[in-house]
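What follows is a short report on a single structure.
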Amino acid sequence: MNGNAHIKAVYAEIRRRNQGEVEFHQAAAEVLDSLGPALDRHPEYAGTGILERLCEPERQLIFRVPWVDDSGTVRVNRGFRVEFNSALGPYKGGLRFHPSVNLGIVKFLGFEQIFKNALTGMGIGGGKGGSDFDPKGRSDAEIMRFCQSFMTELYRHLGEHTDVPAGDIGVGAREIGYLFGQYKRITNRYESGVLTGKPVAWGGSHVRTEATGYGAVYFAEAMLATRGDGFHGRRVVVSGSGNVAVYAVEKVHALGGRVVACSDSSGYVVDEDGIDLGLLKDVKEVRGARISVYAEAKPSARFSARGTVYDVPCDVALPCATQNELGREDAVALVKNGVIAVAEGANMPCTPDAMAVFQEAGVLFGPGKAANAGGVATSALEMRQNAARDSWTFEETEARLASVMREVHAECRATAEAYGGNPEDYVLGANAAGFLRVARAMTAQGVV
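Per my numbering, the very first residue in the sequence shown carries number 638; after that it's consecutive.
Okay, here's the thing in structure tokens:
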């Protein structure tokens, strides 16, 4: 932990007041540990409770979600919404439906969201939510009944100027549709800006599906450009094979790179010819099969259930699966095999030890709050279109996304240089830039 006495005291209090929430402790430590230079330059933020208020959510909601499965059995899940900080705008952050969801993970994600959203410069606060409900193996009717029950409680806390959820793991266009339908039914309002990630046909934005994966690649491209490099001819490894990973693969190929490996929870595939995007989408999005099916269908590919995708030599790595998936040993293997850049497509997929390995080795490292900000940035673009009752083309929306990611990169780099002297310290740059933007707003609005 940073040697700054105030920061150490705040972190100790976080651990005391949030016992057992190890993921939240990790997220708080990652941010606080790099804020020393910012607080040294702005001591006024140390005496006004800014850090203490930043680390305590404005509101934490936990509620029962009862629903009936297809056999008539009553099921009970737990719902969460953590409205962390609204200094810059309405709370904004996804809903995750997965058995692993608990309060600590939601706070972990919501705290990260504050700074990610601030970096976009688009006037949105930080929040996150979800449930320990698992949509896998459930019928459409069961998912609809669950979503309706979930929204029956949550609706009273939402609004296009209050709190605007989106999708996340386990929550796609289908779930957003069911959630929106119940919100509309209860409130008797067609408030299209209250949820993002909607289908384009009824208020959604082009590029929202692709945005997080595309954005991570744009951020990585901007980092490479600072060294006179790019994706052309580069070997790339992408972890995961979900939405973020698939569209990261697509954009890397469009920029002239070659993705040679991707993964899922069962293992990983290596395809030296380059991952066949059409086949990958068919295996994962159409058939919902394991990644091994890709290797069975493609003679040039091989599947491995041992080791990790990070054992595959590459120039660029894009971890796009889930939190804490890339540990110290993986980072050491990547560095040994010559990786030059890593950009986080998922939310904090690299452990603190892994980040330290990359930084010590001089690897360009884009933290998730900057590199994967494309998803929430495009959600904010969707909100803007909803407010204007407008719809933009795919090309126009993607151009705006690319511009936002370049601006996020530039701000992180400039802040890192101003506060630490090293423009390639994107962790410091992202944390300090996001913090300063939120801290200024909180100070202006008084002690609330």
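Glycine included, C-beta positions come from ideal geometry on N, C-alpha and C.
What does DSSP give as the partner residues of residue i in its beta bridges?
i: Asp901; result: Gly904
i: Gly796; result: Asp800
i: Ser768; result: Gly716, Phe734
i: Ala938; result: Asp908
i: Ala954; result: Val874, Val979
i: Asp805; result: Val808
i: Val969; result: Per DSSP, none; premise fails for Val969.
i: Val711; result: Val705
Going by other Cβ atoms of all chains shown within 10 Å of its Cβ, with 16 needed for buried, is residue i buried or exposed?
i: His1046; result: buried
i: His843; result: buried
i: Asn1009; result: buried
i: Ser1040; result: exposed
i: Glu1048; result: buried
i: Asp910; result: exposed
i: Thr1030; result: exposed
i: Thr833; result: buried
Quick one: Cα of residue i to Cα of residue j, how far?
i: Glu1035; j: Gly1012; result: 11 Å
i: Asp905; j: Met985; result: Note that residue 905 is Tyr in the sequence shown here, rather than Asp. Going from the Cα of Tyr905 to the Cα of Met985 covers about 20 Å.
i: Lys918; j: Lys935; result: 14 Å
i: Thr710; j: Trp704; result: 8 Å
i: Leu691; j: Ala998; result: 32 Å
i: Thr1080; j: Arg652; result: 25 Å
i: Asp677; j: Ala1017; result: 33 Å
i: Arg864; j: Gly915; result: 32 Å
i: Glu667; j: Val972; result: 22 Å
i: Val897; j: Gly870; result: 12 Å
i: Gln656; j: Gly726; result: 29 Å
According to DSSP, is residue i helix, strand or coil?
i: Glu962; result: coil
i: Ala1078; result: helix
i: Ala1051; result: helix
i: Glu720; result: strand
i: Trp704; result: strand
i: Arg696; result: strand
i: Val946; result: helix
i: Asp866; result: coil
i: Val1064; result: helix
i: Arg895; result: strand
Along the chain, where does the alpha helix (DSSP H) containing residue i start, and where does it finish?
i: Pro674; result: 673-678
i: Gly915; result: 914-918
i: Arg924; result: Per DSSP, Arg924 belongs to no alpha helix (DSSP H) and is neither H nor E.
i: Glu790; result: 777-791
i: Ile761; result: Looking at the DSSP string, Ile761 is not in any alpha helix (DSSP H), and its letter there is neither H nor E.
i: Met992; result: 989-997
i: His662; result: 659-669
i: His843; result: Premise fails: His843 is in no alpha helix (DSSP H) and is neither H nor E.
i: Asn1023; result: 1011-1024
Which two residues bound the contiguous beta strand (DSSP E) that contains residue i?
i: Leu728; result: It should be noted that the sequence gives Tyr, not Leu, for residue 728. From DSSP, the beta strand (DSSP E) with Tyr728 extends over 728-734.
i: Gly686; result: It is not in any beta strand (DSSP E) - Gly686 carries neither H nor E in the DSSP assignment.
i: Leu1001; result: 1001-1003
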